[in-house]
Amino acid sequence: MSAKSRRGILGLTARETEVLTWIAQGKTNHEIGVILSACTGTICKHVEHILCKLDVKNRTAAAVTALAALAKAKI
Numbered sequence: 000m001s002a003k004s005r006r007g008i009l010g011l012t013a014r015e016t017e018v019l020t021w022i023a024q025g026k027t028n029h030e031i032g033v034i035l036s037a038c039t040g041t042i043c044k045h046v047e048h049i050l051c052k053l054d055v056k057n058r059t060a061a062a063v064t065a066l067a068a069l070a071k072a073k074i
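22 is the number that numbering that gives the first Met the number 0 gives to position 23 of the sequence shown; each next residue is one higher, with no gaps.
Have a look at this one:
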């Protein structure tokens, strides 16, 4: 499934989708910032937007929501 399709399923921007992918792999905001060459504060904002858009309370719930949506889309 393409990144564009994944964004459509979750309603996230391309960058938010990248951040969520790393969240699902257990990376911290600092680690994601290093990987994506972004400030930790910027990553924190992306995480905040992701949690709001997915209507979840934490990173774990966001990762589970993303994986469930992707699994459902593949059916």
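From the three backbone atoms N, C-alpha and C, an ideal C-beta is built for every residue, glycine too.
Taking only three categories from DSSP, how would you classify residue i?
i, result
"asparagine 57", "coil"
"leucine 11", "coil"
"arginine 27", "For the record, residue 27 in the displayed sequence is threonine; it is not arginine. If DSSP states are grouped into helix, strand and coil, threonine 27 belongs with coil."
"alanine 72", "helix"
"cysteine 51", "helix"
"alanine 62", "helix"
"alanine 37", "coil"
Would you mind working out which of the options sits nearest residue i, comparing C-alpha positions?
i, options, result
"alanine 64", "Val33, Ser36, Arg14 and Ile22", "According to the sequence as given, residue 64 is threonine; it is not alanine. Comparing Cα positions, the closest option is Ile22."
"glycine 25", "Ala61, Lys73 and Leu69", "Ala61"
"threonine 27", "Ile42, Ala13 and Arg14", "Ile42"
According to the neighbour-count rule (16 or more other Cβ atoms, all chains shown, within 10 Å of its Cβ), is residue i buried or exposed?
i, result
"threonine 16", "buried"
"leucine 11", "buried"
"histidine 29", "exposed"
"alanine 67", "exposed"
"glycine 32", "buried"
"leucine 9", "buried"
"methionine 0", "A caution first: methionine 0 carries a pLDDT of 48, below 50, which makes its placement in the model too unreliable to give a value."
Can we count residue i as close to the ligand NAP, meaning its CB is less than 7 Å from some heavy atom?
i, result
"glutamate 17", "The ligand content of the structure shown is nil, which means the ligand NAP is not present either."
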